[in-house]
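Read through the structure below, which is laid out as structure tokens, and then see the notes.
And the structure:
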């Protein structure tokens, strides 16, 4: 059922949201502020590890009905087809869900992409998913802000911050999103953003009661800012590091001051009565239902926030089951210790099955749940909230845990018409083998190198309305740094020819509408 | 972080034993001297020093101004309310608790991820910190002025009487007195004028007062420990300055009490008497003897000795392998915390309740179980928290390493590698490099015909693994394999299939190892009890105590070269056989505690 903006969204967490509270979205001023199709939204999801076999993750090769030569090799595409097995809609083993949620209409708004790699070893990482490849346990390299934070501080992306309470919502296990401590200062340190595990806190960050705001006296934030500045610029002794820290605080006070001018476009918001954080405190790790509930609560807040346009960027990460209070789960009841006994044993058949089940549940109860909720919110022009989004889900690693070769990418949304959707795309070069499948800890699956993940993130940035000059750290480099791997053991060592490197600044083939 | 980056490392480390890059042997001295890297300067494990060479010419690194930790912030708010509006303090605190809960949690940060780490070291300031800090200030301003009764208690009757002509003087006096307390400094006239600005012109209403209070609570001097230092630099040191009297009062108070200075301390800062060595020493003693210090020291130990890989013990109840291991033992959700608390209570007992020594940690046969469940687990009476604790009845239990919190995992199998890493990094302060990048990290998994020790030995016995695992990590964990994954003593290991729970027999446990606490020591120890004697004998546990307490005190990682003077001050009492509490107290007398390097300005 489509929910128009005049309907009330009812979340499972006990809150409701009437959209909109203003007389109509179709007033001229509203239309001018937010013309249909102009607003683009960004959602990135990542699950730790990876290690999903191709047979579990991807559709059958027969779906790849077209091919073209690009970057020196043949790449392929086809239309996504949805199978139906007893009420379960199916793209692949992992990409399957209840038929009333994963509909043909939703599948038509998705892309499944494979064949994107990092040409260097990254091992365990967090920020690498969004381009901060320096955040790696394998080798310390230079940090850059993650691409979501470039968007968050881009005038092109946020042309109008009039309704934006949070430039980005960062959720789940931490360190997926990184930004400068002083966003406008490229010389300031790069740190991970706070990541939220409480749906209630997230709600509080993304809403405030417009009524109360109207009754407030003039806020004192300008004086607080002045206080910090008079300390920072005063003549009392401070170290340069002290000043840098004060600069960071001042930048954050600026953000508070900016928010005071925000006018919310939603009303009738009831604060949820249930908090995802409570679920985490109660025997959470091996409880699939708790995980499903946790993310459903989060998804409700995300949908409402995007609907109300209080943020346009969401990043979330699940993982870290040993996190003290920060674990966000694996959607699986196995008693096995996840990191070592499941994820690192991806090549064993029984553990691969657990991984597949876990990821299928992530897909159904997090990804599809969120996308279908977004697709149920109808804009004035008949498009849906999902249509304005570029959402994607990927993993820490490719087919082999630890190796960033052949990241699985599942996308949804058309980025306000920028993206072509409904495709299965394979960028691999089937003539160049990465893993031969014969290693001691191997599943026997042969993998191939493809195009570069930098190119994917660069494409994402262009889909969000940015030009390469706005985000590239190296001209023509896509997003993030490119490093040549010097370790000969790396399965991708010297397997990325100039023809691949040289196109990484381009938009990926097949994706542009 | 949380800060979660460090969380992945232990997993990888524990899992990646198949390919440690430490092809050399432990023993290369200390690398660059700065802990927190990936081993020594050559990427190999670094053997921790057992003494510290104080070189007066070396100056501690400059560090940015510190913020209050979450604990310090909460205590400060509570104390501020108690001293400002005692009758309503609890109600107001409850009212702002939601905001306080909204501050991002501090995570343990140490030189090597969380091992040997403390939440005080987490100095991240995110947008959420700043948001909540502002919210807190506004909320406190409103709460303290919610009605005339409150305002009158906070600022005096002059704030609420009908005479508007005294409002300006009333506000001026309030800003000076409240400001000194909340900003922990003597306000200049410029400050006083500034903080009155939200009120505008007299007469003032309650909203004016609320804004003034909010502005002061939102000030940088509240959230950060702002330090400018004294006028004159330390002789011969360009960038090194003694801290001012108020700054010193804050350092003392936030270290020992994790809260703002009390009126006595502020008075001694105000009149400068805090710089009198006798007065200062007396204040150190006064603060140390206060019950609040006990809570602080409790936090120190609870964070230091907390093994992150100990899962809640009831989580896997109902799963085949775990049920096979536990049989009729039915752990409650509280047992893990009871185990953690028992270790903390042990350390507190030898630190504050008796004039104990670090050596007692590793030799004690007393149980500090304060819950019936843990006492039953240990087969001892419950300790009531005072008086003589009961002795363990199990002969295997002696010293820290044999307590349940140090050996249990909460799963069906023990983790010798993780135990070894904890001992090496957190208790001995040795530095272990991260595994090489090309390791396919695979976990040791109990085989149907092998003990956990045998599985680990097989897994780490070839290639480049043994140099690090066999010499530096595994033996430390093997020595306590006479305890099962629940923390119960055992002579034999039940060989359980982790997936099916099927039992494939049992095998005797082997705890005999060449521990190499010091790399050159080839002596055999027969179990964890003897291992602990080796640890004591090595001098490393005493030196490591000083290093851990340095991190806790200064909220940063130590540099064994540049911070050697402070480390030496803390280490000397331990070396000389003085009680632990002397080290905890004497840190406040070190130069590092009373000076600050402002570095590049």
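Residue numbers (the numbering used here), protein chains in the order written: chain Z, 1 to 513; chain A, 514 to 1114. Just so it is clear, CB atoms sit at the ideal spot from N, CA and C, and this is done for glycine as well.
Nearest to residue i by CA position, among the options, is which residue?
{"i": "residue 905 of chain A", "options": "A:881, A:1059, A:732", "result": "A:881"}
{"i": "residue 410 of chain Z", "options": "Z:425, Z:128, Z:401", "result": "Z:425"}
{"i": "residue 461 of chain Z", "options": "Z:448, Z:391, Z:165, Z:263", "result": "Z:391"}
{"i": "residue 705 of chain A", "options": "A:718, A:681, A:719, A:716", "result": "A:681"}
{"i": "residue 277 of chain Z", "options": "A:590, A:615, A:757", "result": "A:615"}
{"i": "residue 581 of chain A", "options": "A:649, A:738, A:675", "result": "A:738"}
{"i": "residue 660 of chain A", "options": "A:563, A:598, A:1062", "result": "A:598"}
{"i": "residue 653 of chain A", "options": "A:1033, A:626, A:890, A:603", "result": "A:603"}
{"i": "residue 434 of chain Z", "options": "Z:463, Z:494, Z:206, Z:94", "result": "Z:494"}
{"i": "residue 448 of chain Z", "options": "Z:476, Z:125, Z:119", "result": "Z:119"}
{"i": "residue 684 of chain A", "options": "A:971, A:709, A:1047", "result": "A:709"}
{"i": "residue 617 of chain A", "options": "Z:170, Z:126, Z:160", "result": "Z:170"}
{"i": "residue 889 of chain A", "options": "A:811, A:1000, A:1047, A:772", "result": "A:1000"}
{"i": "residue 1029 of chain A", "options": "A:962, A:984, A:763", "result": "A:984"}
{"i": "residue 1112 of chain A", "options": "Z:243, Z:311, Z:496", "result": "Z:243"}
{"i": "residue 291 of chain Z", "options": "Z:310, Z:362, Z:504, Z:263", "result": "Z:362"}
Taking DSSP's pairing of strands, which residues face residue i in a bridge?
{"i": "residue 1037 of chain A", "result": "A:1027"}
{"i": "residue 149 of chain Z", "result": "Residue 149 of chain Z pairs with nothing; no bridge assigned."}
{"i": "residue 426 of chain Z", "result": "Z:76, Z:114"}
{"i": "residue 194 of chain Z", "result": "Beta-bridge pairing links residue 194 of chain Z to no other residue."}
{"i": "residue 85 of chain Z", "result": "Z:88"}
{"i": "residue 46 of chain Z", "result": "Z:317, Z:394"}
{"i": "residue 1115 of chain A", "result": "In the structure as shown, chain A starts at 514 and stops at 1114, and residue 1115 of chain A therefore has no counterpart that could be examined."}
Could you tell me the boundaries of the alpha helix (DSSP H) in which residue i lies?
{"i": "residue 584 of chain A", "result": "583-597"}
{"i": "residue 441 of chain Z", "result": "Here residue 441 of chain Z belongs to no alpha helix (DSSP H), and DSSP marks it neither H nor E."}
{"i": "residue 291 of chain Z", "result": "288-308"}
{"i": "residue 249 of chain Z", "result": "240-259"}
{"i": "residue 988 of chain A", "result": "987-991"}
{"i": "residue 124 of chain Z", "result": "Looking at the DSSP string, residue 124 of chain Z is not in any alpha helix (DSSP H), and its letter there is neither H nor E."}
{"i": "residue 468 of chain Z", "result": "468-471"}
For the beta strand (DSSP E) containing residue i, list its first residue and its last residue.
{"i": "residue 777 of chain A", "result": "Run containing residue 777 of chain A: none in the beta strand (DSSP E); it sits in the alpha helix (DSSP H), 776-783."}
{"i": "residue 361 of chain Z", "result": "Run containing residue 361 of chain Z: none in the beta strand (DSSP E); it sits in the alpha helix (DSSP H), 349-362."}
{"i": "residue 1009 of chain A", "result": "1005-1009"}
{"i": "residue 55 of chain Z", "result": "Run containing residue 55 of chain Z: none in the beta strand (DSSP E); it sits in the alpha helix (DSSP H), 54-57."}
{"i": "residue 505 of chain A", "result": "Only positions 514 to 1114 of chain A appear in this structure, which leaves residue 505 of chain A out of reach."}
Between the beta-carbon of residue i and the beta-carbon of residue j, is there less than 8 Å?
{"i": "residue 109 of chain Z", "j": "residue 413 of chain Z", "result": "yes"}
{"i": "residue 318 of chain Z", "j": "residue 86 of chain Z", "result": "no"}
{"i": "residue 80 of chain Z", "j": "residue 423 of chain Z", "result": "yes"}
{"i": "residue 824 of chain A", "j": "residue 628 of chain A", "result": "no"}
{"i": "residue 283 of chain Z", "j": "residue 828 of chain A", "result": "yes"}
{"i": "residue 974 of chain A", "j": "residue 929 of chain A", "result": "no"}
{"i": "residue 1035 of chain A", "j": "residue 1027 of chain A", "result": "yes"}
{"i": "residue 478 of chain Z", "j": "residue 452 of chain Z", "result": "yes"}
{"i": "residue 227 of chain Z", "j": "residue 780 of chain A", "result": "no"}
{"i": "residue 601 of chain A", "j": "residue 663 of chain A", "result": "yes"}
{"i": "residue 250 of chain Z", "j": "residue 236 of chain Z", "result": "no"}
{"i": "residue 1136 of chain A", "j": "residue 760 of chain A", "result": "Because chain A is modelled from 514 through 1114, residue 1136 of chain A falls outside the range shown and cannot be assessed."}
Legend entry - Under 9 Å (Cβ pairs) to chain Z, residues found in the stretch 659-686 of chain A: none
Legend entry - chain A contacts from the stretch 43-65 of chain Z (Cβ-Cβ distance under 7 Å): none
Inset, instruction - Below 7 Å between beta carbons is the criterion; list the residues of the stretch 965-985 of chain A that meet it against any residue of chain Z, in chain order. - result: none
Legend entry - Residues in the stretch 276-287 of chain Z having any Cβ partner in chain A nearer than 8 Å: 283, 285, 286
Inset, instruction - For the stretch 187-204 of chain Z, enumerate the residues whose C-beta is nearer than 9 Å to any C-beta of chain A, in chain order. - result: 191, 192, 193, 194, 195, 196, 198, 201, 204
Inset, instruction - Could you list the residues in the stretch 231-259 of chain Z with a C-beta less than 8 Å from some C-beta on chain A, going in chain order? - result: 231, 236, 237, 238, 239, 240, 241, 242, 244, 245, 246, 248, 249, 252, 253, 255, 256
Inset, instruction - Please name the residues in the stretch 143-166 of chain Z whose beta-carbon is closer than 7 Å to at least one beta-carbon of chain A, in chain order. - result: none
Inset, instruction - Select from the stretch 1084-1114 of chain A all residues with a C-beta closer than 9 Å to any C-beta belonging to chain Z, and list them in chain order. - result: 1109, 1110, 1111, 1112, 1113, 1114
Inset, instruction - Scan the stretch 807-838 of chain A for residues whose Cβ lies nearer than 9 Å to a Cβ of chain Z and list them as they occur along the chain. - result: 819, 821, 822, 824, 825, 827, 828, 829, 831, 832, 833, 834, 835
Inset, instruction - Could you please tell me which residues of the stretch 638-651 of chain A, in chain order, have their CB closer than 8 Å to any CB of chain Z? - result: 638, 639, 640, 641, 642, 643, 644, 647, 650, 651
Legend entry - Residues of the stretch 916-931 of chain A whose Cβ lies closer than 8 Å to any Cβ of chain Z, in chain order: 924, 925
Inset, instruction - May I ask you to list, following chain order, the residues of the stretch 993-1012 of chain A that have a beta carbon less than 9 Å from some beta carbon of chain Z? - result: 1011, 1012
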